[in-house]
Amino acid sequence: MRAPRECGSWFWDLDEVAAPGLESALVVASRMADVLGRHELLTPHRLEYDWYVLDSGGIGITTNLALTVPLGDPRLPERVLNSRPSGFPNAEVDDVHVVGVGVWNDAEGKPHREPRLVDLSVSPAPVGLSAEVSVHHDIWGWFDFSGRPHPDVHQHNAPRLAAALQDINSMLGVKGEPGEVTYFGFATELGIGTPDTLDDGSGPDVTDKL
Numbered sequence: 001m002r003a004p005r006e007c008g009s010w011f012w013d014l015d016e017v018a019a020p021g022l023e024s025a026l027v028v029a030s031r032m033a034d035v036l037g038r039h040e041l042l043t044p045h046r047l048e049y050d051w052y053v054l055d056s057g058g059i060g061i062t063t064n065l066a067l068t069v070p071l072g073d074p075r076l077p078e079r080v081l082n083s084r085p086s087g088f089p090n091a092e093v094d095d096v097h098v099v100g101v102g103v104w105n106d107a108e109g110k111p112h113r114e115p116r117l118v119d120l121s122v123s124p125a126p127v128g129l130s131a132e133v134s135v136h137h138d139i140w141g142w143f144d145f146s147g148r149p150h151p152d153v154h155q156h157n158a159p160r161l162a163a164a165l166q167d168i169n170s171m172l173g174v175k176g177e178p179g180e181v182t183y184f185g186f187a188t189e190l191g192i193g194t195p196d197t198l199d200d201g202s203g204p205d206v207t208d209k210l
C-alpha cells in the first residue's frame with residue numbers, strides 16, 4: 001500500500017553546488033535519477049510540474065510531459081518551456097517531479113515493479129536549487145503499516161535505499177537532510193526510523209489514514 005503522505009523524505013540544498021534555473025534542475029534530476037536507477041528504485045517515465053507567475057503565485061495548472069527523450073537530453077528544457085500554458089506567457093516552472101516505476105522485493109526476495117516507488121523532485125527556483133527524495137511505502141521500515149514486523153521485507157529493501165541515498169550524497173557533494181515527521185513515519189540519515197515498540201512487539205497501526 002502507498003500512504004497519502006511520505007513516510008520519509010530527504011532534502012538537499014544545492015545553492016552552493018549548482019546554479020538555479022530549469023536547465024540546471026533537469027541536469028541534477030538526471031544525475032539523481034541515474035543513481036536511483038542503478039539501485040532499481042526509479043525508472044523515469046514522465047515529468048510533472050506546476051506553473052507560477054512571479055509576484056502572483058501559482059496559476060493552478062499542472063503539466064504532465066512524457067519522457068520521450070532521456071532526462072539529460074539538452075533539448076528537454078525547451079520541451080518543458082514549450083508546454084507553458086498559452087494563457088500565461090510569463091509563467092515559470094515550479095518544482096519538477098520525476099515520475100516513474102521502481103522495483104521492490106518481497107519477503108522471499110522476489111522483485112515487483114511499483115509505480116512511484118520513490119519520488120524525486122527538483123526545484124529550479126531562482127533563489128537557489130534544491131532537491132528532494134521521498135518514499136510512501138512501508139517496505140523500507142521494520143514494521144508494515146498495520147504495525148506487524150516484517151524483517152525479511154525490510155532486509156530486502158532498506159539497504160538498497162540506504163545505498164542510494166549515500167550515493168546521491170557523494171555524487172552531489174551535499175548531505176541530504178531528513179524531512180519532517182509524518183503520521184506514517186520519519187526519516188533518519190539513510191533510511192526510515194523505527195518507532196517505539198509496543199509491549200506485544202508490534203509497532204503503530206496507521207492503516208486508519210490509508
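Read in full-length UniProt numbering, the sequence shown has 196 at position 196, and its numbers run on one by one without any break. A virtual CB, placed ideally from N, CA and C, is assigned to each residue, including glycine. Quick caveat: nothing in here was measured; it's all calculated off a predicted structure.
- Secondary structure at L67: coil, using DSSP grouped into helix, strand and coil.
- Relative to A91, the option among E189, D199, I59 and V122 whose CA is nearest is I59.
- Membership of G8 in any alpha helix (DSSP H) is not indicated; the residue belongs instead to the beta strand (DSSP E) covering G8 to D13.
- Looking at V181, S121 and N105, the one whose alpha-carbon comes closest to that of D94 is S121.
- The beta carbon of A158 sits closer than 6 angstroms to the beta carbons of W140 and G191 from its chain, once the five residues preceding and following it are set aside; these are given in chain order.
- Per DSSP, reduced to three states, the secondary structure at P85 is coil, with no helix or strand assignment.
- By the Cβ-count criterion, S123 is buried, with 16 or more other Cβ atoms from all chains shown falling within 10 Å of its own Cβ.
- Apart from the 5 residues on each side of it in sequence, T182 sits with its Cβ closer than 7 angstroms to the Cβ of R5, E6 and C7 in its chain, given in chain order.
- Closest by C-alpha distance to R116, out of P44, L129, Y49 and V53, is P44.
- Non-local C-beta neighbours of Y52 in its own chain, meaning closer than 7 angstroms and more than five positions away in sequence, comprise G58, I59, A91, E92 and D94, ordered along the chain.
- Around the Cβ of E132, a 10 Å sphere holds 16 or more other Cβ atoms; the residue is buried.
- The shortest C-alpha to C-alpha distance from G72 to any of Y49, S24 and D50 is the one to S24.
- Of the other Cβ atoms in all chains shown, 16 or more fall within 10 Å of the Cβ of S9; this residue is therefore buried.
- In summary, H97 is buried, with 16 or more beta-carbon neighbours lying within 10 Å of its beta-carbon over all protein chains present.
- Around the beta carbon of H156, 16 or more other beta carbons sit within 10 angstroms, so the residue counts as buried.
- Linking V80 to L65 through their CA atoms gives a straight-line distance of about 7 angstroms.
- By a beta-carbon distance limit of 8 angstroms, T207 contacts S146. Their separation comes to about 5 angstroms.
- W104 is bridged by DSSP to H112.
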